[in-house]
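Here's the structure we're looking at; comments come further down.
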Amino acid sequence: MYIHAPCFDPDELARDNLHIHTSFSRCAKPEMTVENIFAEAARIGYRTIALTDHYNDDIDDEEALRRLETLREQGKKLGEPCGVLYGMELSGYGIGKTLEGDKLRNALDYRLYACNHYHLDFWEQAAEITPRAYAEHALKNVTSLIKSGKPDCIAHPLTAGYVRAFEDKTLVSKAITDNELGDIMTLAKEHEVAWELNIGNIYGDPEFSRRMWNTGRELGSCFNMGADAHLIKNIDFAPHMSEIKKILGV
625 MYIHAPCFDP DELARDNLHI HTSFSRCAKP EMTVENIFAE AARIGYRTIA LTDHYNDDID
685 DEEALRRLET LREQGKKLGE PCGVLYGMEL SGYGIGKTLE GDKLRNALDY RLYACNHYHL
745 DFWEQAAEIT PRAYAEHALK NVTSLIKSGK PDCIAHPLTA GYVRAFEDKT LVSKAITDNE
805 LGDIMTLAKE HEVAWELNIG NIYGDPEFSR RMWNTGRELG SCFNMGADAH LIKNIDFAPH
865 MSEIKKILGV
């Protein structure tokens, strides 16, 4: 399990980029090779990076383990420029449901779970197409995952950017009450689960991002920074830090 002490200094958190896709992720560009990622990480001066390719229903554990071993071998051959976590962006695709088996999960240095990829065909949907129904589904889904003991961190948490039914993607997060947010963040702290400060998430739902940040500061939650990079140029946090601080109210 990967966990660190709570930190509320964005510049310190930005020394670690814990959400980078390689070309094994179909949505990432071919340029996302280990060699290119390492070179960019060295240029930036990261302390730690995490390689977190998608685990969706298009692969199985055997293939995922093969990819993981390939990345480890490439990293060893190239020489790691900083701390490197060989992880995956796993799928918490429904309440109490994940795709991976114990062997794969235990082989990962970093277990990042997406719980809101609602645009994927295999993803469990809310019972009704209303913001409140999706808010309730998201809360139940993440709660079940936290209690399972599986995750190190929740990716782009509790937002509805991937729900195609809503033009205004912020309606779902607005339907989450302050008490519900406090309860689930307290649960995550008890289980040593971090929340991702995801660049796209912060820009896409700034009000909720600030709510999470402020609630987390009150509770002593753990946050991990993740660029969710699919392009080499997106690995660097620097162009975004001023705006991120402004949104978070730092």
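Under my numbering, the first residue of the sequence shown carries the number 625, and numbering increases by one thereafter.
Quick reminder that beta carbons are idealized off the backbone N, C-alpha and C, glycines included.
Using a Cβ distance threshold of 8 Å, K793 and G828 count as a contacting pair. By the neighbour-count criterion, in which 16 or more other beta carbons inside 10 Å mark a residue as buried, T676 falls on the buried side. Secondary structure note for N660: its alpha helix (DSSP H) is the uninterrupted segment V658 to I668. Listed in chain order, the non-local C-beta contacts of E655 below 6 Å within the same chain comprise I856, local neighbours out to five positions each way being set aside.
Distance between F632 and R841, taken at the CA atoms: about 7 Å. Linking N680 to K870 through their CA atoms gives a straight-line distance of about 34 Å. Runs of the alpha helix (DSSP H) lying entirely within the region 652–737 and spanning at least 4 residues, in chain order: 658–668, 685–702 and 726–731. The criterion of a C-beta distance shorter than 8 Å is satisfied by V796 and A759.
DSSP lists no bridge partner for N765. The C-beta distance from M865 to A638 rounds to 6 Å, short enough to meet the 8 Å contact threshold. Beta-carbon to beta-carbon, A789 and I753 are separated by about 5 Å, close enough to satisfy the 8 Å threshold. In the three-state reduction of the DSSP assignment, E820 falls in the strand class, which pools E and B.
For the 8 Å CB-CB criterion, L769 and L709 do not form a contact. With a cutoff of 8 Å on beta-carbon distance, I673 and C706 are scored as near each other. K701 counts as exposed, since fewer than 16 other beta carbons sit within 10 angstroms of its beta carbon.
Within the DSSP secondary-structure output, D640 pairs in a beta bridge with T672.
A812 and S845 have their C-alpha atoms some 8 Å from each other. If you draw a straight line from the Cα of P863 to the Cα of I668, it comes to about 12 Å. Across the structure, I627 and E816 are spaced so that their CA atoms are roughly 7 Å apart. Sorting E704, E664, S647 and E814 by C-alpha distance to the C-alpha of R691 places S647 at the top.
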